[in-house]
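The sequence shown lines up with residues 1 to 291 when you count with the UniProt record's numbering. What follows is a single structure, written as structure tokens, with notes after it.
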Amino acid sequence: MESEKIPIINLQENNSSQKIREICEKMGYFRIINHEIPTKLMGEIKSVAINLFNRPVEIKQKNKEIIPGSGYLGASQSNPIYEALAFDITSSQSLPTFFNHLQASPTERETIEKYTQAIQKLGIDIVSTMFGDYSSQVCVTHFRMNKYNITRDRAGSDGIGLHTDASLITILQDDEHLGGLEIVNPSGKLVPVDRLPGSLFVILGDIAVLRSNGRYRNVQHKVECKDVGIRLSIATFITPSINEDIDVHSKFIDVDHPPKYVPFKYEELRRLRASNKFYCGQVLELLCCKN
């Protein structure tokens, strides 16, 4: 399968903001280089993730779900190769609780704090570029470490099935050694994504479509576990708060472009996705304005 040519945005170039907005409309995904997260820190956060995943299961299980998608997700019968550790960066209690339950060392705590502060700032900057401001409707940053333990008998299976994210954007630090990320391009073709060490991969989610009045494109993607080994990725999701009222951004409304979507709460979108099993963006149709 031929790899997809991924747009690369150099954040140090003067026209990077314009390029981001154009690519959000045409493709909905891009890589960023020359961001402010040091390569050394990106390596350190992966080392910390390995150490945390190597904790005994009973230690990891102490991390309970506080908000949807947080806490510890262990390997299951339906997906025996995947586990995740996650927390809400913006919650004052989430990170200390995460550290305490996992018995994180001072060095591990410092690394996570540095990385999450930097990635949250980057996420806010990207969203501000997309919508012209950082509004109160973007107020949660969700951080997740993903591990795929790909054994010989599981090679070739799905690590995560095809889906869109419910977020505004997802910033992914993918594995430098094992590939597997695949996306659906604007032509509707499922294609693998080549790795680029030191870069970060940005994917638009369902909320980006709604907030942009349908102008931006969300992206279906999956993880195909092709090679034997341990695959690690770090995902950061920029989302609205659960109970925040979400509507089309005024920047995308005019006489010729009335709102396409009704106001809603983020919690409602997540509920509709789950109850209808609409994991590939179909939920957007339920939120369209009635003519």
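Idealized CB from N, CA, C, for every residue including glycine.
Using the rule of at least 16 other Cβ atoms within 10 Å of the residue's Cβ for burial, across every protein chain shown, is residue i buried or exposed?
i      : result
ASP88  : buried
ALA274 : exposed
GLY281 : buried
CYS36  : The question names Cys, but residue 36 in the sequence shown is Glu. Under this definition GLU36 is an exposed residue.
CYS225 : buried
VAL255 : exposed
SER136 : With a pLDDT of 46 at SER136, under the threshold of 50, the predicted position of this residue should be treated as unreliable, though the coordinate-derived value follows. Exposed: under 16 other Cβ atoms inside 10 Å.
ASN213 : buried
Where does residue i sit, in a helix, a strand or coil, going by DSSP?
i      : result
ASN79  : coil
SER91  : coil
LEU286 : helix
THR170 : strand
THR151 : coil
TYR29  : strand
GLU224 : strand
VAL219 : coil
GLY123 : helix
LYS265 : strand
TYR115 : helix
SER136 : With a pLDDT of 46 at SER136, under the threshold of 50, the modelled position of that residue is not reliable, and no figure is offered here.
VAL202 : strand
Please list the terminal residues of the continuous beta strand (DSSP E) segment that includes residue i.
i           : result
residue 375 : Absent from the structure is residue 375, since the part of the chain shown begins at 1 and ends at 291.
LEU162      : 157-163
GLY229      : 229-239
In the DSSP output, which residue or residues are listed as bridge partners for residue i?
i           : result
VAL191      : ILE183
residue 318 : A question about residue 318 goes unanswered here, because the residues of the chain that appear run from 1 up to 291.
ASN146      : ALA84 and SER233
Which residue marks the beginning of the alpha helix (DSSP H) containing residue i, and which one marks its end?
i     : result
ASN10 : ASN10 -> not in any alpha helix (DSSP H); beta strand (DSSP E) instead, spanning 8-10.
Would you grab the beta carbon distance between residue i and residue j for me? Rounded to a whole angstrom, and I think it's under 8 Å.
i      : j     : result
ARG152 : ALA84 : No, ARG152 and ALA84 are not in contact; Cβ-Cβ is about 23 Å, not under 8 Å.
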